[in-house]
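K.L.:
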Amino acid sequence: MPGLKLQDNAFDTALVLWPVTPISVLDKLRDVFRTVSFFPVQGPAAAPDAAQPSMDDYARADAIFAFSMPPELTHPDQTPRLKLFQCCSSGVSHLEGTDFFKAAQAERRDIAWANASGIQTTTIAEHVLGTVLMLTHKLAFLHLAAQNEQRWVPHAELGGNFIRELNTLVVGVIGYGNIGRETARLFRGCGATVVALTRHGVPQPATGYSLPSTGDPDGTVPSAYYSSTSREARHAFFGACDVVVNTLPESERTIGTMETDEFTAMKGDAIYVNVGRGTTTDQEALVRALTAQPQEGEERSATGTLRIGAASLDVVNPEPLPSSSPLYTLPNVILTPHMSALSAQYWSRAIGVLRTNVERLGRGEEGVNVFAGPGRESK
């Protein structure tokens, strides 16, 4: 129902359930809502003794800003005024599986559902670039040798002139949304060649929310596109890349995207980066590829063997990762606890998306990042 007009002055009360910081970011909402109700009850930073919203609070809400569906909400009849559910993360599979969402799609098509995709593109792209540099320069190894062993590592132990400059690398991006586009822009700025693996295999304009002066609006940064629907094209993509960056969200189509076949098609010294979702990767196959050694006489960059050089993983499956996982101790792995999006600007931007959607939907216009209900972007 793109462009469905909501009644004028429809947004009166906002219900904010995430402990946004600093709390002053809520000032952005003061002139678009008469009432901003703040119940910081979701997430790890929620105070254990925080007051809980009542069912009357939910019934009065025109917009809800939250990460997940409150467990007490099971049907949209409980929120008769609700016109916008603004998720504060980019992933939404945890919402789409709820009884509330399913009932809303069947019975209450007047609720707009939006995510916060795009607000974290700069920090995630910088994380990718930074961890790739850590691996190509062996910075993690050198830091640990200095800190834990107080040892000055000889150049011969490092492999002599071992640094792989970014301007000599082919960087492949899987999924060319806003995170992939900003990652591509940063690497091309360092002289790398960028290629992309997408479903259609052709350049397409960016959609959804994007930060000013970031990304690749027209899709012109990659020198080549490959279609993920073709096994031959996928293998050609993986075989061409020195660095593979996975930015895929979780969906039925993306779960298990990176399996034995894909790692086998990669170069033996390639770097795999995952900032999408852990479920998109077969971790057992990944560990086998990371621990494999080249056969005698085999080129380190050879394709066709289940072997890669290194990995940077900000997402895994499950999270938190059990302490028994070999990923914690592999020397060619940089493992971070799903933190690449934690920008100091995150909540200001997320609240800004909520404000933008309230203003646009109130005027009967398309919203930003609306994935269900009225206000979806026309294709």
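Under this note's numbering, the first residue of the sequence shown is numbered -2, with each subsequent residue one higher. No residue lacks a Cβ here, since even glycine has one placed at the ideal position from N, Cα and C.
#1: Nearest CA to the CA of G306: which residue from V284, P317, V312?
#2: Please classify I331: does DSSP put it in a helix, a strand, or coil?
#3: In chain order, what residues of the same chain have a beta carbon less than 6 angstroms from the beta carbon of S224, not counting five sequence neighbours either side?
#4: Drop a sphere of 10 angstroms on the beta-carbon of S87, count the other beta-carbons inside from all chains shown, and report buried for 16 or more, exposed for fewer.
#5: Taking 8 angstroms as the threshold (C-beta atoms), are P219 and V191 in contact?
#6: Of the residues L26, A63, R31, N366, which one's Cα is nearest the Cα of P37?
#7: Could you have a look at G372 and say whether DSSP puts it in helix, strand or coil?
#8: Give the single residue among T278, V13, I331, R78 whose Cα lies nearest to the Cα of R250.
#9: Given a cut-off of 8 angstroms on the beta-carbon distance, is the pair N366 and S51 in contact?
#10: How would you label W149, buried or exposed, when you count the other beta carbons within 10 angstroms and need 16 or more for buried?
#11: Tell me the rounded alpha-carbon separation between D24 and F184.
#12: With DSSP as the reference, please indicate the residues paired to W110 in a beta bridge.
#13: According to the neighbour-count rule (16 or more other Cβ atoms, all chains shown, within 10 Å of its Cβ), is R346 buried or exposed?
#14: I believe V350 touches L81 by the beta-carbon criterion, under 8 angstroms. Please report the beta-carbon distance rounded to the nearest angstrom.
#15: Helix, strand or coil for V29 per DSSP?
#16: Apply the 10 Å Cβ neighbour rule to L339 and answer buried if 16 or more other Cβ atoms are within range, or exposed otherwise.
#17: Within the same chain, show all residues whose beta-carbon is closer than 8 angstroms to that of P31, passing over the 5 residues directly before and after it, in chain order.
#18: F35: buried (16+ other C-beta within 10 angstroms of its C-beta) or exposed?
#19: Here's a check: name, in chain order, each residue in its chain whose Cβ is nearer than 8 angstroms to the Cβ of I268, leaving out the five neighbours to either side.
#20: Once DSSP output is grouped into helix, strand and coil, what is the label at I171?
#21: Is the separation between the beta-carbon of V272 and that of V125 shorter than 8 angstroms?
#22: Kindly indicate the opening and closing residues of the alpha helix (DSSP H) around T120.
#23: Taking contact to mean at least 3 C-beta pairs separated by less than 8 angstroms, is the segment 309 to 324 in contact with the segment 290 to 301?
#24: Suppose the cutoff is 6 angstroms on Cβ atoms and the five residues either side in sequence are ignored; what does the same chain contact list for G177 look like?
#25: Considering only C-alpha positions, which residue in the set V17, A42, D74, G188 is nearest to E162?
#26: Contact between the segment 95 to 105 and the segment 322 to 338 is defined here as three or more beta-carbon pairs at a separation below 8 angstroms; is this criterion met?
#27: For G40 versus P73, is the C-beta spacing smaller than 8 angstroms?
#28: Less than 8 angstroms separating the beta-carbons of A413 and Y222?
#29: Among the residues of its own chain, which have a CB less than 6 angstroms from the CB of A142, if the five just before and after it don't count?
#30: If you count every other CB in all the chains shown that lies within 10 Å of the CB of Q4, and 16 or more means buried, which is it?
P.N.:
In short, the structure shows the following:
#1: Along the sequence shown, read from residue 1 onward, the residue named residue 306 stands at position 309. Closest option to G306, judged by alpha-carbon separation, among V284, P317, V312: V284.
#2: Working through the sequence shown from its first residue, we reach residue 331 at position 334. Here I331 sits in strand by DSSP.
#3: Here residue 224 corresponds to residue number 227 of the sequence shown, with the count starting at 1. Excluding sequence neighbours, S224 sits near G198, A230.
#4: Position 90 of the sequence shown, counted from the first residue, corresponds to residue 87. Under a 10 Å Cβ-count criterion, S87 is classified as buried, with 16 or more other Cβ atoms of the shown protein chains found around its own Cβ.
#5: The count along the sequence shown starts at 1 and reaches residue 191 at position 194. The count along the sequence shown starts at 1 and reaches residue 219 at position 222. Yes, the pair counts as a contact, with Cβ atoms nearer than the cut-off.
#6: By 1-based counting over the sequence shown, the position of residue 37 is 40. Among L26, A63, R31, N366, the Cα nearest to that of P37 belongs to A63.
#7: Here the question's residue 372 lines up with position 375 in the sequence shown. Reduced to three states, the DSSP call for G372 is coil.
#8: Here residue 250 refers to the residue found at position 253 when the sequence shown is read from its first residue. With distances taken between Cα atoms, R250 lies closest to T278.
#9: Taking the sequence shown and counting its residues from 1, the one referred to as residue 366 is at position 369. Taking the sequence shown and counting its residues from 1, the one referred to as residue 51 is at position 54. Not in contact: N366 and S51 (Cβ atoms no closer than 8 angstroms).
#10: The count along the sequence shown starts at 1 and reaches residue 149 at position 152. It is exposed - the Cβ of W149 has fewer than 16 other Cβ atoms within 10 Å.
#11: For the purposes of this step, residue 24 is taken as the residue at position 27 of the sequence shown. For the purposes of this step, residue 184 is taken as the residue at position 187 of the sequence shown. In this structure, the CA atom of D24 is about 36 angstroms from the CA atom of F184.
#12: Stepping through the sequence shown from its first residue, residue 110 is reached at position 113. Answer is F82, A369.
#13: Residue mapping note: residue 346 aligns to position 349 of the sequence shown, counting from 1. Result: buried.
#14: One-based indexing of the sequence shown puts residue 350 at position 353. One-based indexing of the sequence shown puts residue 81 at position 84. With 8 angstroms as the limit, V350 and L81 do not qualify as a contact, their Cβ atoms being about 11 angstroms apart.
#15: Taking the first residue of the sequence shown as position 1, residue 29 is located at position 32. Of the three classes helix, strand and coil, the one that applies to V29 here is coil, per DSSP.
#16: By 1-based counting over the sequence shown, the position of residue 339 is 342. The residue is exposed, with fewer than 16 neighbouring Cβ atoms inside 10 Å.
#17: In the sequence shown, the residue the question calls residue 31 occupies position 34. Checking the displayed sequence, the identity of residue 31 turns out to be Arg instead of Pro. If we look at R31 and ignore the five residues flanking it on each side, its Cβ neighbours are D9, T10.
#18: Position 38 of the sequence shown, counted from the first residue, corresponds to residue 35. So F35 counts as buried.
#19: Against the sequence shown, residue 268 aligns to sequence position 271. Result list for I268: V129, L132, T133, D239, V240, V241, I305, G306, A307, A308, S309, in chain order.
#20: Translated into positions along the sequence shown, residue 171 becomes position 174. DSSP places I171 in strand when its eight states are reduced to three.
#21: Counting from 1 along the sequence shown, the entry for residue 272 is found at position 275. Counting from 1 along the sequence shown, the entry for residue 125 is found at position 128. Result yes, Cβ atoms of V272 and V125 sit closer than 8 angstroms.
#22: Mapped onto the sequence shown, residue 120 falls at position 123. Annotation: the continuous alpha helix (DSSP H) that includes T120 extends over 118 to 133.
#23: no
#24: Taking the first residue of the sequence shown as 1, we reach residue 177 at position 180. The residues are V170, T244.
#25: Stepping through the sequence shown from its first residue, residue 162 is reached at position 165. For the residues V17, A42, D74, G188, the minimum Cα distance to E162 belongs to G188.
#26: no
#27: On the sequence shown, residue 40 is found 43 positions in, with the first residue counted as 1. On the sequence shown, residue 73 is found 76 positions in, with the first residue counted as 1. Contact: no.
#28: In the structure as shown, the chain begins at -2 and stops at 376. Residue 413 is therefore absent and cannot be evaluated.
#29: Working through the sequence shown from its first residue, we reach residue 142 at position 145. Counting only Cβ-Cβ distances below 6 angstroms, and skipping sequence neighbours, we find R148, V150.
#30: Start at 1 with the first residue of the sequence shown, and residue 4 comes out as number 7. Reliability fails at Q4, whose pLDDT of 49 lies under 50, so the model's placement of it is uncertain and no value is given.
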